[in-house]
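Under the numbering used here, think of the first position of the sequence shown as 3, with each following residue one higher.
Below: the structure, in structure tokens.
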Amino acid sequence: MPTAADVYSVGFMKSDIARNLLPDPFTDLLAQALNRLKMEFAALPATRSEGGMLSEDIPAMAAVLEETARRMGDNYPYFHPLYAGQMLKPPHPIARAAYAMASWLNPNNHALDGGRASSHMETEAVAEIASMFGWDEHLGHLTSGGTFANLEALWVAGQLAPGKTIIASEQAHYTHARISAVLKLPFQSIAADACGRMNLDALEEALGHGDVGTVVATTGTTALGAVDPLDKILELRSRYGFRLHVDAAYGGYFKLASNLDADATRAFAGIAEADSIVVDPHKHGLQPYGCGCVLFRDPQIGRFYKHDSPYTYFTSAELHLGEISLECSRAGASAVALWTTQRLLPLISGGEFAQGLEHSIQAARALFAKIESDRRFIPGPKPELDILVWAMKAPTMEESSRLSQQVFDRAAKQDLHLALVQLPVAFLRPATGPGCADWPDARDNAKVTCLRSVLMKPEHLAWVDEIWKRLDRAAA
Ligand SMILES: *Cc1c(COP(=O)(O)O)cnc(C)c1O
Numbered sequence: 003m004p005t006a007a008d009v010y011s012v013g014f015m016k017s018d019i020a021r022n023l024l025p026d027p028f029t030d031l032l033a034q035a036l037n038r039l040k041m042e043f044a045a046l047p048a049t050r051s052e053g054g055m056l057s058e059d060i061p062a063m064a065a066v067l068e069e070t071a072r073r074m075g076d077n078y079p080y081f082h083p084l085y086a087g088q089m090l091k092p093p094h095p096i097a098r099a100a101y102a103m104a105s106w107l108n109p110n111n112h113a114l115d116g117g118r119a120s121s122h123m124e125t126e127a128v129a130e131i132a133s134m135f136g137w138d139e140h141l142g143h144l145t146s147g148g149t150f151a152n153l154e155a156l157w158v159a160g161q162l163a164p165g166k167t168i169i170a171s172e173q174a175h176y177t178h179a180r181i182s183a184v185l186k187l188p189f190q191s192i193a194a195d196a197c198g199r200m201n202l203d204a205l206e207e208a209l210g211h212g213d214v215g216t217v218v219a220t221t222g223t224t225a226l227g228a229v230d231p232l233d234k235i236l237e238l239r240s241r242y243g244f245r246l247h248v249d250a251a252y253g254g255y256f257k258l259a260s261n262l263d264a265d266a267t268r269a270f271a272g273i274a275e276a277d278s279i280v281v282d283p284h285k286h287g288l289q290p291y292g293c294g295c296v297l298f299r300d301p302q303i304g305r306f307y308k309h310d311s312p313y314t315y316f317t318s319a320e321l322h323l324g325e326i327s328l329e330c331s332r333a334g335a336s337a338v339a340l341w342t343t344q345r346l347l348p349l350i351s352g353g354e355f356a357q358g359l360e361h362s363i364q365a366a367r368a369l370f371a372k373i374e375s376d377r378r379f380i381p382g383p384k385p386e387l388d389i390l391v392w393a394m395k396a397p398t399m400e401e402s403s404r405l406s407q408q409v410f411d412r413a414a415k416q417d418l419h420l421a422l423v424q425l426p427v428a429f430l431r432p433a434t435g436p437g438c439a440d441w442p443d444a445r446d447n448a449k450v451t452c453l454r455s456v457l458m459k460p461e462h463l464a465w466v467d468e469i470w471k472r473l474d475r476a477a478a
């Protein structure tokens, strides 16, 4: 069952390695790279300790680290294809190696003084992401994650249109409402349709009331992977005029996939027309956590970031990243890992990275087809990306929710890790037999506990049959 692909994306998942019979190739990669980095500084006088360690007692450190490793065993196996629950994707081995190597130097991308090479790598890697979306020119940088990237995008939106309303679909990430509150901007939530996409009639009605500054479109919602109809939202922009922010924190990289359905293809083609975009390299970009990205189409918005910090030293006339970021210190290691990964796996259609995303879409469609044709399940919307949801068929909503919890627990006992999600019954397709259409306790907007699976790993496609086998047993 496991193929070469397991090694490619998981590093040391190969069953032999998992049983500790083979050395972890990641350790060798890291050791080699670290030695090369140390050679760059070989002319300096030797110091006893490398990083200014307080304790150089190696056996003591080994003992503590062993304790730490044991502690870490108390986790779901996120790296394994049988972990098919939440939005968690293992970083590529090269990203982990680059991050760990860079942390020996520990650059700070706030300013060039703190991380010259890593700042340049950030600028280059971010330009590659911008060009993936079709932008030759942009202003952008990495952030600690999607939430902070969205905060910056909406902060700029608020600077341009003070006091005007931010609009997002009710299926948009929950943080948009909170960010708007932090920024003291009015926020309005727009109904979603039965597929989890922004309802255009509801949007147009809200636009008709005026006072809308910014519309947030989500290309790949967190719960369902639904893609808001960006092409149609752009038509509305030409009539009503508003700032358009695209939250592609989760779905952005699917721009490179060639097997999106027609609706999603049209929506993704519209991303280039946005005023700002957020994408999370730590979601689908194979990066360790702590890596989001915000992009602005108009570099002139850099003026809003102007600050006069007495702590910022300038050793160069070049613009440094601290001047265009709300955060001060940021991990240079994140930029190094991202740059390195994109060097190995460029962001191009038809490339190996794009194929990995296409496999994820295929995996979700394959598992969905099995669920759809099985009478025990009520399918949710057809997956547009690599996320699928389904409910358990039962005479009542309450019973259906209980069964979902039971299947979730039983699957976990067989090492298949799914997720649970509360969803409005409107997302479940009318089914034959006792299903949501007949649930006596299903009032409008009632929420039912559903099962959810995010098939983010390229090797999930090869594991669909095994996942199904275990799900089948768990639901028996
Ligand atoms: C994950 C996600 C966010 C939040 O990003 P974090 O990196 O978790 O802070 C925002 N929007 C969408 C659509 C997401 O999927």
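All residues carry an ideal CB built from backbone N, CA and C; glycine is no exception.
Note that this is a predicted model, so its numbers are computed, not measured.
Around A276, the same chain offers L246 and V248 as residues with beta carbons nearer than 6 Å, after the five sequence neighbours per side are excluded.
When DSSP states are grouped into helix, strand and coil, A448 belongs to the coil group. Bridge partners of F298 according to DSSP: L141 and S278. The continuous beta strand (DSSP E) containing I169 extends over residues T167 to S171. With the rule of 3 Cβ pairs closer than 8 Å, the stretch 212-232 counts as touching the stretch 252-261. Cα atoms of L420 and I350: separation of roughly 31 Å, rounded to the nearest angstrom. With contacts defined by Cβ atoms closer than 7 Å, A204 and V229 do not form a contacting pair. Our two residues, D115 and V423, have alpha carbons roughly 46 Å apart in a direct line.
Look at Y252: its beta carbon is less than 6 Å from one of the heavy atoms in ligand 1.
Short of 6 Å from the beta carbon of A102, and not among the five residues preceding or following it, lie these beta carbons of its own chain, in chain order: L32. Distance from the C-beta of G116 to the nearest heavy atom of ligand 1 is not below 6 Å. Contact check between the stretch 283-300 and the stretch 146-161: three or more CB pairs, one atom from each, fall below 8 Å, which counts as touching. Per DSSP, the continuous beta strand (DSSP E) segment holding L246 begins and ends at R245 to D249. When D213, A86, L258 and A365 are compared, the shortest CA-CA separation from I168 is found for D213. Taking the Cβ of T224 as the reference point, at least one heavy atom of ligand 1 falls within a distance shorter than 6 Å. E386 is positioned such that its CB atom lies closer than 7 Å to that of G227. By the criterion of a C-beta distance shorter than 7 Å, W341 is surrounded in its chain by M123, E126 and A127, once the five residues flanking it on both sides are discounted. Shown here, Q289 sits in coil according to DSSP, grouped into three states, outside any helix or strand. Judged by DSSP secondary structure, S191 falls within the beta strand (DSSP E) whose first and last residues are F189 to I192. Considering only A194, N261 and G243, the residue with the shortest C-alpha distance to P231 is A194. Taking non-hydrogen atoms of ligand 1 into account, the C-beta of G87 is found less than 6 Å away from none of them. Here L457 is actually not in contact with D376; their C-beta atoms are around 17 Å apart, not less than 8 Å.
A Cβ-Cβ distance of about 16 Å is found for the pair M394 and F370, leaving them out of contact under the 8 Å criterion. Inter-residue distance for A179 and A62 is about 47 Å (C-alpha atoms, whole angstroms). S455 places its beta carbon 7 Å or farther from that of A225. Contact annotation: P383 and E374 have beta-carbon atoms that are not nearer than 7 Å. Secondary structure note for G215: its beta strand (DSSP E) is the uninterrupted segment V214 to T220.
Distances from the alpha-carbon of F298 to those of A476, D138 and F43 put D138 closest. Burial of I469 is indicated by the presence of at least 16 other C-beta atoms within 10 angstroms of its C-beta.
Counting along the chain, the unbroken alpha helix (DSSP H) around P27 starts and ends at P27 to M41.
Using a 10 angstroms sphere on the CB of G136, the tally of other CB atoms stays under 16, which defines it as exposed. When secondary structure is reduced to three states using DSSP, L90 falls in the coil class, being assigned neither helix nor strand. Per the coordinates, the alpha-carbon of R367 lies some 11 Å from the alpha-carbon of H462. Taken atom to atom, the span from the alpha-carbon of P442 to that of A448 is near 11 Å. Here F410 carries a helix assignment [DSSP, helix/strand/coil].
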